[in-house]
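Notes for the one structure printed next.
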Amino acid sequence: MTKTTIEAPLPGTFYRAPSPEEPVFKNEGDQVAIGDTVGLIEVMKSFTPVVAEAAGTLVAFHVDNEDAVMAGQPLYDLEA
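Quick note: the sequence shown, position 30, residue 55 per this note's numbering, numbers continuous.
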């Protein structure tokens with residue numbers, strides 16, 4: 026199996042759910058398909074989805090919900 030680390034495409038605040046009242050997009054151990062939303066990055070009230078570009082199993086998040094992230098910072102690991 027190959028492990029790939031997915032990085033933040035832009036700086037901002039990382040969110041694992043679409044809103045505080047809703048469940049997270051993905052949990053560790055979940056299957057991820059190409060095109061699945063794994064999280065959101067918010068910059069000045071504009072939300073950009075973090076979309077999976079590969080399929081596999083989400084094995085670990087490197088950031089917590091509402092963490093500030095920089096472009097290129099590791100977000101999560103995907104095992105294919």
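Just so you know, even glycine gets a beta-carbon here, dropped at the ideal spot from N, CA and C.
Every value quoted in this text rests on a predicted model; they were computed, and no experiment measured them.
Span of the beta strand (DSSP E), counted from its first residue to its last, around residue i
{"i": "T30", "result": "K28 to E32"}
{"i": "I66", "result": "T62 to V68"}
{"i": "V49", "result": "That residue, V49, is in no beta strand (DSSP E); it is neither H nor E in DSSP."}
{"i": "E104", "result": "P99 to E104"}
{"i": "G81", "result": "G81 to F86"}
{"i": "G37", "result": "G37 to Y40"}
Same chain, Cβ closer than 7 Å to residue i, five either side skipped, listed in chain order
{"i": "A80", "result": "V57, A58, I59 and A105"}
{"i": "E32", "result": "G97, Q98, P99 and L100"}
{"i": "P74", "result": "T62 and L65"}
Outcome for residue i when other beta-carbon atoms lying within 10 angstroms are tallied against a minimum of 16
{"i": "A85", "result": "exposed"}
{"i": "A77", "result": "buried"}
{"i": "V68", "result": "exposed"}
Sequence-distant residues of the same chain with beta carbon closer than 6 Å to residue i, five excluded per side
{"i": "D102", "result": "K28, T30, V84 and A85"}
Short CB-CB distance (under 7 Å) between residue i and chain C
{"i": "L83", "result": "Included in the structure is just one protein chain, with no chain C present."}
Contacting residues, own chain, Cβ-Cβ under 8 Å from residue i (five flanking each side not counted)
{"i": "V94", "result": "A33, P36, G37, T38, F39, I66, V88 and L100"}
{"i": "D92", "result": "T38 and F39"}
Beta carbon of residue i nearer than 7 Å to that of residue j
{"i": "V63", "j": "F72", "result": "no"}
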